[in-house]
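Structure first, commentary second.
Residue numbers (full-length UniProt numbering): 1 to 163.
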């Protein structure tokens, strides 16, 4: 099966190579990497997901916390950048995860909020597609981590400590 011009195994290798190149840089510039993800639900209970141009699958919007940026500033920035999303309820921390699949120093903060999309989000060099999906009708290639986090948020699975 071809995804964005390459097989799934080729994309996995590309992803691993990209991570392998980025994390030595982060090791020099950061003592620990910290990421944020946002589970943004609309008034219908649908969750907003993004599909990146450089990774296979659908994800909750998110990214890294930069120097001199708080985690809440980072999650609000990622919501705006990846989906033109604005919260309509408090943005609440749900859980903290250790992401040892990326590195031994990576942690992810998962936030939950109700949000609205204030303008359509056209595709660009980072985001190929995005949209709201009912949690019971996610895209076939939604990542396992996305599915696990949504099950945790729904209370059908206990929160894990590992992403």
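Every residue gets a Cβ at the ideal spot worked out from N, C-alpha and C, and that includes glycine.
All of these numbers come straight from a predicted model, not from anything done at the bench.
Extent of the continuous beta strand (DSSP E) run through residue i
i: residue 129; result: 127-133
i: residue 165; result: Residue 165 lies beyond the range of the chain shown here (1 to 163); nothing can be said about it.
i: residue 39; result: 33-41
i: residue 50; result: 47-52
i: residue 64; result: 62-64
Unbroken alpha helix (DSSP H) run spanning residue i, endpoints
i: residue 153; result: 144-154
i: residue 75; result: 71-83
Classification of residue i by the beta-carbon crowding that lies within 10 angstroms, buried from 16 upward
i: residue 162; result: exposed
i: residue 54; result: exposed
i: residue 167; result: Only positions 1 to 163 of the chain appear in this structure, which leaves residue 167 out of reach.
i: residue 2; result: Confidence in residue 2 is poor, its pLDDT being 39 and thus under 50, which makes the residue's placement too unreliable to answer from.
i: residue 21; result: exposed
i: residue 70; result: exposed
i: residue 33; result: buried
i: residue 106; result: buried
i: residue 125; result: exposed
i: residue 82; result: buried
i: residue 121; result: buried
i: residue 142; result: buried
i: residue 156; result: exposed
i: residue 92; result: exposed
i: residue 137; result: exposed
i: residue 101; result: exposed
CB contact flag (residue i, residue j, <8 angstroms)
i: residue 108; j: residue 35; result: yes
i: residue 94; j: residue 110; result: yes
i: residue 117; j: residue 85; result: yes
i: residue 61; j: residue 79; result: yes
i: residue 154; j: residue 135; result: yes
i: residue 115; j: residue 88; result: yes
i: residue 59; j: residue 160; result: no
i: residue 42; j: residue 132; result: yes
i: residue 113; j: residue 49; result: no
Collapsed DSSP secondary structure at residue i in the structure displayed
i: residue 96; result: strand
i: residue 158; result: coil
i: residue 87; result: strand
i: residue 2; result: Model confidence at residue 2 stands at a pLDDT of 39, short of 50, so the residue's coordinates are unreliable; what they give is reported in the following sentence. Residue 2: strand per DSSP, three-state reduction.
i: residue 163; result: coil
Test: residue i CB closer than 8 angstroms to a CB of chain B
i: residue 140; result: Although the question refers to chain B, the structure presented lacks it and comprises just one protein chain.
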